[in-house]
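Visitor:
Number of protein chains: 2
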Amino acid sequence: MTTSIDALKEKGRRLRILSLKATTEAGSGHPSSCLSAADLTSVIFFREMQFDPKDPHNPANDRFVLSKGHAAPLLWAAYAECGILTEKDVMTLRRLDSNIEGHPTPRMPWVDVATGSLGQGLSAGLGNAFAAHVDGIPFNTYVLLGDGECAEGSVWEAAEIASYYKASNLFAIVDVNGLGQSQRTMDQFNVERFADKFRAFGWYALTVDGHNYTDIVNAFDTFRRDGGTQPRALIAKTFKGKGVSMLENKDGWHGKAVPKQDLPKALAELETPLGPNEFVPKPRTGYSIPHFDGPLNITISRKPGDMAATREAYGDALVKVGEKDPRVVALDGDTKNSTFSEKFLKAYPQRFFEMFIAEQNMVGAATGLAARGKVPFVSTFAAFLTRAFDQIRMAGVSQSNVKFCGSHVGVSIGEDGPSQMGLEDMAMFRTIPNAVIFYPSDAVSMEYAVKEAAQYKGICYIRSSRPKTAVLYSNDEQFPIGGSKVLRKSQNDRVTVIGAGITLHEALKAASQLEKEGIAIRVIDAYCVKPIDAKGILAAAKETNGRIVVVEDHSEEGGLGDAVLEAVGNQAKVVELGVHEIPRSGPPEALIEKYGISSNHIVAAVKSF
Amino acid sequence: MTTSIDALKEKGRRLRILSLKATTEAGSGHPSSCLSAADLTSVIFFREMQFDPKDPHNPANDRFVLSKGHAAPLLWAAYAECGILTEKDVMTLRRLDSNIEGHPTPRMPWVDVATGSLGQGLSAGLGNAFAAHVDGIPFNTYVLLGDGECAEGSVWEAAEIASYYKASNLFAIVDVNGLGQSQRTMDQFNVERFADKFRAFGWYALTVDGHNYTDIVNAFDTFRRDGGTQPRALIAKTFKGKGVSMLENKDGWHGKAVPKQDLPKALAELETPLGPNEFVPKPRTGYSIPHFDGPLNITISRKPGDMAATREAYGDALVKVGEKDPRVVALDGDTKNSTFSEKFLKAYPQRFFEMFIAEQNMVGAATGLAARGKVPFVSTFAAFLTRAFDQIRMAGVSQSNVKFCGSHVGVSIGEDGPSQMGLEDMAMFRTIPNAVIFYPSDAVSMEYAVKEAAQYKGICYIRSSRPKTAVLYSNDEQFPIGGSKVLRKSQNDRVTVIGAGITLHEALKAASQLEKEGIAIRVIDAYCVKPIDAKGILAAAKETNGRIVVVEDHSEEGGLGDAVLEAVGNQAKVVELGVHEIPRSGPPEALIEKYGISSNHIVAAVKSF
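Here the protein sequences line up with chains A and B, keeping their order. Under my numbering, the first residue of the first sequence is numbered 1, with each subsequent residue one higher. Under my numbering, the first residue of the second sequence is numbered 1001, with each subsequent residue one higher.
(1) Could you pull out every unbroken alpha helix (DSSP H) segment of at least 4 residues lying fully inside the stretch 46–91 of chain A, listed in chain order?
(2) In three-state terms, what does DSSP make of ALA172 of chain A?
(3) Ends of the beta strand (DSSP E) at LYS977 of chain B?
(4) I'd like the ranges of any alpha helix (DSSP H) spanning at least 4 consecutive residues and lying wholly in the stretch 227–308 of chain A.
(5) Would DSSP call ILE1602 of chain B helix, strand or coil?
(6) Tell me whether the beta-carbon of HIS554 of chain A lies closer than 8 Å to the beta-carbon of LEU385 of chain A.
(7) Does the count of Cβ pairs from the stretch 1191–1201 of chain B and the stretch 185–203 of chain A closer than 8 Å reach three?
(8) In three-state DSSP terms, what is PRO1104 of chain B?
(9) Residues of chain A with CB closer than 7 Å to the CB of GLU1415 of chain B, please, in chain order.
(10) Measure the beta-carbon distance from THR1115 of chain B to VAL1176 of chain B and round it to whole angstroms, keeping in mind my assumption that it falls under 8 Å.
(11) Look up PHE1139 of chain B in the DSSP assignment and say whether it is helix, strand or coil.
(12) What does THR115 of chain A reach in chain B if we use C-beta pairs closer than 9 Å?
(13) Could you tell me which of A:ILE524, A:PRO53, A:ILE481 and A:GLU477 sits nearest to ALA500 of chain A, measuring between CA atoms?
(14) So ARG311 of chain A and SER407 of chain A are supposed to be a Cβ contact under 8 Å. How far apart are they, rounded?
(15) Answer yes or no: does any C-beta atom of chain B fall closer than 8 Å to that of GLN350 of chain A?
(16) When the Cα atoms are used, what is the spatial distance from ALA1534 of chain B to GLY1458 of chain B?
(17) Taking contact to mean 3 or more Cβ pairs, one atom from each stretch, closer than 8 Å, check whether the stretch 13–30 of chain A and the stretch 218–238 of chain A are in contact.
(18) At 7 Å on the CB atoms, spell out the chain B contacts of TYR164 of chain A, in chain order.
(19) Out of B:ALA1526, B:VAL1564, B:GLN1571 and B:GLU1566, which has the shortest C-alpha to C-alpha gap to ASN1545 of chain B?
(20) State the Cα-Cα distance for the pair HIS1057 of chain B and THR1086 of chain B, rounded to the nearest angstrom.
(21) Hey, would you say PHE171 of chain A sits closer than 8 Å to VAL191 of chain A, going by beta carbons?
(22) Going by beta-carbon coordinates alone, are LEU472 of chain A and SER441 of chain A separated by less than 8 Å?
(23) Quick test of the definition: if touching needs 3 or more C-beta pairs under 8 Å, does the stretch 585–593 of chain A touch the stretch 1090–1098 of chain B?
(24) Could you give the distance in angstroms between the alpha-carbon of LYS1607 of chain B and the alpha-carbon of LEU1122 of chain B?
(25) Who are the near neighbours of ALA365 of chain A in its chain, counting only those whose CB is closer than 6 Å to its CB and skipping five residues on each side?
(26) TYR204 of chain A bridges to which residues according to DSSP?
(27) Can you give me the C-alpha to C-alpha distance between ARG1611 of chain B and PRO1073 of chain B, rounded to a whole angstrom?
(28) Which class does LEU1423 of chain B belong to by DSSP, given the choice of helix, strand or coil?
(29) Per the contact definition of three or more C-beta pairs closer than 8 Å, is the stretch 1567–1581 of chain B in contact with the stretch 562–577 of chain A?
(30) Distance check for LYS1489 of chain B and GLU1517 of chain B, CA to CA, integer angstroms please.
(31) By alpha-carbon positions, which one of B:PRO1326, B:ASP1316 and B:PHE1279 ends up nearest to LEU1296 of chain B?
(32) Give the straight-line distance between the Cα atoms of SER1036 of chain B and GLY1027 of chain B, rounded to the nearest whole angstrom.
(33) Beta-carbon of ASP175 of chain A versus every beta-carbon of chain B: anything under 8 Å?
(34) Following the continuous alpha helix (DSSP H) through GLU619 of chain A, name the residue where it begins and the one where it ends.
(35) May I ask you to list the residues that DSSP assigns as paired with GLY1146 of chain B?
(36) Can you list, in chain order, the residues of its chain whose CB lies under 8 Å from that of ILE1392 of chain B, leaving out five sequence neighbours each side?
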């Protein structure tokens, strides 16, 4: 039974009313941005989408992503209109004690990915579309975008890749109200231009009057009939503030709630019912997704002393966890032969997503996949993960279960030079609450890190290195989150040297060198940078006269050095070795020497105490 | 006198030869990516561009940006072929002691912006185009892109904004060789599809055989004749490795130099001269750009106790520096009414660039403007600067003279919630070598910071806050880089409390509260976070029993707290107060209480000693 046009109009009216009331009550919010999209949202929620309002976890629910996250009140109103929330809930908008937030976050169970940083929703939607495909479930994903946010390049990354992968289960609905935050948008009401852009990117695009229910309904019917294998774009001409004359199509109302004294006047214009208030959900049932309850055990078969690049071990381990846990998927940004995610592509091609040179979309799609229960591993050069910091930040806000591997870290990559060197990635991921950062120094600990990452609930970042290094650990060594390893220890250790990755090997070299001079040092492998093993490091510091040298192939700001400083406070004197200038091209060994992180520098730092 | 087709072919041959020789000598590099673009580069350098090879600083030189930065050897070869470099120089490619790097950096004077992180060159080119327009100089900017990198959304941000601003002096030349790093690209050889995308984004686009000199030359003539006010896109079908049969159009050769033993065979295919080796530069003379040698003095007129938001003071100061220094320009991402850059728009509309909701391009364009001698101030919400971290990182590699203002920092923005809160921005900018970070706590210090930023040679980041706070300083107070201010001091100070921005005011509140209880504290305003006033902080710590509380409206990782820790080492016990969980929507005062950075928490921390 399809919802009638009149019933849809009535829902649209009710969405407008509640959006206005809630923002006025909160004293802040974006009602005009809600009003432009109310009719579109009504058709999507109450006619197009098949979902069970009683069950947010039904794997076959159609999905809705509010990319224009500032229209959150509209989303909350839609949930109220299908019984997921009450009107009373929605009226707690923006309050400290309410999960009905100013921009949607997964504190509210129906919200998969936090939005509010514009241009990210279509990627999340694409991730959902990928999940539907992988799991063989015919659910659709509807993404509501603003027009201003289509200036964000990430929208076009998602658009290109969606059409490349023939994501015909993905809908982009663009609310073209012609007004940005501080002025009119570039394209204003030129819906044909929007449509042409989507068509050039391979979408099936239609334009409609975004306030004409018949047109909107017909458009979705046309998509069904003629959309083929293309993703679908509905470009809707709308008016910001539609339905309330004091707001309608007026600049200067972005992000402003209607003042309490003006609300009655605004509501008066919406008081006439437009149809019956009815909605019958049409859940889709009978589908399931892969589950995995663990434990996740993998077999590691390395020999100490063998030379192996941790980046290659990443690929090996990814295949192993993928074999055990069917939810694991991998994404890469045209670097799979460098990151070795290509090993996963070979083993499980249906679970590998080549995301091309478009890192923002890659991360956004991963959050969409994670929302659908996948365990996504995203890989590229560490330096290029900075391209997606906003998406990583929002994945953090979403407490998304995405894993990252950044390869080619540090100056030790050599001749390619600074554009390719990851020197900021640990600082970036350290700012993400509850994220775990692994920086394995050998192939064994790398494989273990991948396993831990797959099991951890939340964001995990693993640094991988380009050069081959010696296997240090035995295959059954454990590397729990928050731990560290002591690799050199004696009763006479004068200084504790902490390294990770390449610099751990430099530290071992330094230890051998110093040993010849009769100086013993403690060497610690800080394979887990966040959370750092404060206890273990403090204990070592106590036994080495409160002297620590910490060395990282990373900026000296914000990475391992700062983590150690936070851990020891004033309980130890810490000498930090890290990269503090813009590096250049050169051979790897020469660069670690020049930028102060080689064994020679460690030796000098030890002696400086 | 126009270079003949045969001479252009000969230059193309020579470009191929030197690209191969240099990468083989270096043992690494991307010769196949150079060979596909050699013919295009020849026409651009030796026929289209007007420049003086003797003078990289001639303001009217046409500009070239190698967006596909991995083809650096091709660029170096082009410079050799017009006498800017020698062949011997180019043969030092990738060596530690050479400025001829693996990817272009401004260590080589003709390179304005470092490239190598794909998809960023068109934005830099747009910035150049803006500068030409602002200064009234008819130079053109040519940006050579790869096809794979056109998956980057940043390319489409630049494309949209270039056509919006009718940048008919901007050329995008796309080298469509169909091969990415790890596999074929999405569009492969479909040059018409590329052209359609550029056309949909408002460009005048032509497709050519990228190895047919007559076609390429004719295309540029057509641009001149018919391009009108549109930016121009030349979509060229090419073959990776063109000219050498072992490489031509073969997958698997990305980023691989021809081994020494195979070089003679490769070069043999290129040994026949194709025309005369001649090139006559056609410099454009008689133009100048605005200069400013300082000093930059502004008049600040505030009254202590007045309430003012530092974000608004930013706008005021921007106008003042703009009045004195004609090179100052401003860019904003549709937040100008929030960041108050709109004040600069009102005062100097020809020097203000609305960059819409596309932060990556905004930052990239700023680096292009800075390369042309402008002093760009980029503003948006601090949270959204994370969208452009890769561009900021590359601006750092370029040691670009771009200034940033991130507004709406911290949880203190209130009800909009975490998507809008800048909590990672100081961590981000601290990783940029030589960057300066200001975090002014009042309107006077904000105005001063803007002035300092305008004078500083390099990246400067200023945090601005949303709420109004009391003016603390007198108008003639100085705020040098690397300094701090002591706002409460006595002989009996028990603890030093360091704050900045909002938390500085919380610290003052705490001081008053503690005073009532007979506890005196030192209060320091860390208005300069990088470089931090280590000396001043250490001195204060010594006088307060080695006890410090540092409090920031930012993640507790990577920001002011870590900077203080680095400064004091083990000379003080530091209690760090910062945001360590995902925040939520709520009133500002409630949020700073909930997230541990209010005066109450400062008082508790002081008492905990």
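For every residue, glycine included, the Cβ atom is placed at its ideal position computed from N, Cα and C. Computed from a predicted structure; not experimentally measured.
Guide: Taking the structure as given:
(1) The stretch 46–91 of chain A contains these whole alpha helix (DSSP H) runs: 72–81 and 87–90.
(2) Within the first sequence, residue 172 of chain A is the residue found at index 172, counting from 1. In the three-state reduction of the DSSP assignment, ALA172 of chain A falls in the strand class.
(3) With chain B represented from 1001 up to 1609, any question about residue 977 of chain B goes unanswered, as that position is not in the structure.
(4) Complete alpha helix (DSSP H) runs here, min 4: 263–268.
(5) The sequence position of residue 1602 of chain B within the second sequence is 602, counting from 1. Helix, per DSSP.
(6) Walking along the first sequence from the start, residue 554 of chain A turns up at place 554. Walking along the first sequence from the start, residue 385 of chain A turns up at place 385. No, Cβ-Cβ distance for HIS554 of chain A and LEU385 of chain A is not below 8 Å.
(7) With a cut-off of 8 Å, the stretch 185–203 of chain A and the stretch 1191–1201 of chain B count as touching, because enough Cβ pairs lie within range.
(8) Here residue 1104 of chain B corresponds to residue number 104 of the second sequence, with the count starting at 1. Of the three classes helix, strand and coil, the one that applies to PRO1104 of chain B here is coil, per DSSP.
(9) Here the question's residue 1415 of chain B lines up with position 415 in the second sequence. Contact note: GLU1415 of chain B reaches chain A through ALA26, SER28, ARG94 and GLY102, using a C-beta cutoff of 7 Å and chain order.
(10) By 1-based counting over the second sequence, the position of residue 1115 of chain B is 115. By 1-based counting over the second sequence, the position of residue 1176 of chain B is 176. 19 Å between Cβ atoms; not a contact.
(11) For the purposes of this step, residue 1139 of chain B is taken as residue 139 along the second sequence, with counting starting at 1. The DSSP-derived three-state label of PHE1139 of chain B is coil.
(12) Residue mapping note: residue 115 of chain A aligns to position 115 of the first sequence, counting from 1. Near THR115 of chain A (Cβ distances below 9 Å), the residues of chain B are SER1419.
(13) The residue labelled residue 500 of chain A in the question sits at position 500 within the first sequence. It is A:ILE524 whose Cα lies nearest to the Cα of ALA500 of chain A.
(14) As a first step, residue 311 of chain A is located in the first sequence; it is residue number 311 there, counting from the start. As a first step, residue 407 of chain A is located in the first sequence; it is residue number 407 there, counting from the start. 5 Å between Cβ atoms; contact.
(15) Position 350 of the first sequence, counting from 1, holds the residue named residue 350 of chain A. False, the Cβ-Cβ gap to chain B never drops below 8 Å.
(16) Against the second sequence, residue 1534 of chain B aligns to sequence position 534. Against the second sequence, residue 1458 of chain B aligns to sequence position 458. Taking the straight line joining both Cα atoms gives about 21 Å.
(17) Cβ pair count under 8 Å is below three, so no.
(18) In the first sequence, the residue the question calls residue 164 of chain A occupies position 164. Result: MET1186.
(19) Counting from 1 along the second sequence, the entry for residue 1545 of chain B is found at position 545. With distances taken between CA atoms, ASN1545 of chain B lies nearest to B:GLN1571 out of B:ALA1526, B:VAL1564, B:GLN1571 and B:GLU1566.
(20) On the second sequence, position 57 is the one that residue 1057 of chain B refers to. On the second sequence, position 86 is the one that residue 1086 of chain B refers to. C-alpha of HIS1057 of chain B to C-alpha of THR1086 of chain B: approximately 19 Å in a straight line.
(21) Position 171 of the first sequence, counted from the first residue, corresponds to residue 171 of chain A. Position 191 of the first sequence, counted from the first residue, corresponds to residue 191 of chain A. With a cutoff of 8 Å on beta-carbon distance, PHE171 of chain A and VAL191 of chain A are scored as not near each other.
(22) On the first sequence, position 472 is the one that residue 472 of chain A refers to. On the first sequence, position 441 is the one that residue 441 of chain A refers to. Result yes, Cβ atoms of LEU472 of chain A and SER441 of chain A sit closer than 8 Å.
(23) Contact holds: three or more Cβ-Cβ distances are below 8 Å.
(24) Within the second sequence, the letter at position 607 stands for residue 1607 of chain B. Within the second sequence, the letter at position 122 stands for residue 1122 of chain B. Going by the C-alpha atoms only, they are around 55 Å apart.
(25) Translated into the one-based positions of the first sequence, residue 365 of chain A becomes position 365. In chain order, SER123, LEU126 and GLY127 place their CB closer than 6 Å to the CB of ALA365 of chain A, counting only its own chain and leaving out the 5 sequence neighbours on each side.
(26) As a first step, residue 204 of chain A is located in the first sequence; it is residue number 204 there, counting from the start. Answer by DSSP bridge pairing, in chain order: A:ARG232.
(27) Shown here, chain B extends from 1001 to 1609; a query on residue 1611 of chain B therefore has no answer.
(28) Along the second sequence, read from residue 1 onward, the residue named residue 1423 of chain B stands at position 423. Here LEU1423 of chain B sits in coil by DSSP.
(29) Result yes; three or more Cβ-Cβ pairs closer than 8 Å.
(30) Sequence index remark: in the second sequence, residue 1517 of chain B carries index 517 (1-based). Sequence index remark: in the second sequence, residue 1489 of chain B carries index 489 (1-based). Their Cα atoms are separated by approximately 16 Å.
(31) Residue 1296 of chain B sits at position 296 when you count from the first residue of the second sequence. Nearest to LEU1296 of chain B by alpha-carbon distance, out of B:PRO1326, B:ASP1316 and B:PHE1279, is B:PRO1326.
(32) For the purposes of this step, residue 1036 of chain B is taken as the residue at position 36 of the second sequence. For the purposes of this step, residue 1027 of chain B is taken as the residue at position 27 of the second sequence. The straight-line gap from Cα to Cα measures roughly 20 Å.
(33) Stepping through the first sequence from its first residue, residue 175 of chain A is reached at position 175. By this cut-off, ASP175 of chain A is not an interface position.
(34) Residue coverage of chain A in this structure runs from 1 to 609, which leaves residue 619 of chain A outside it and unanswerable.
(35) Within the second sequence, the letter at position 146 stands for residue 1146 of chain B. Per DSSP, B:ASP1175.
(36) The residue you call residue 1392 of chain B lines up with position 392 of the second sequence. Hits under 8 Å: VAL1363, LEU1385, PHE1404, MET1428, PHE1429, ILE1432 and ILE1459.
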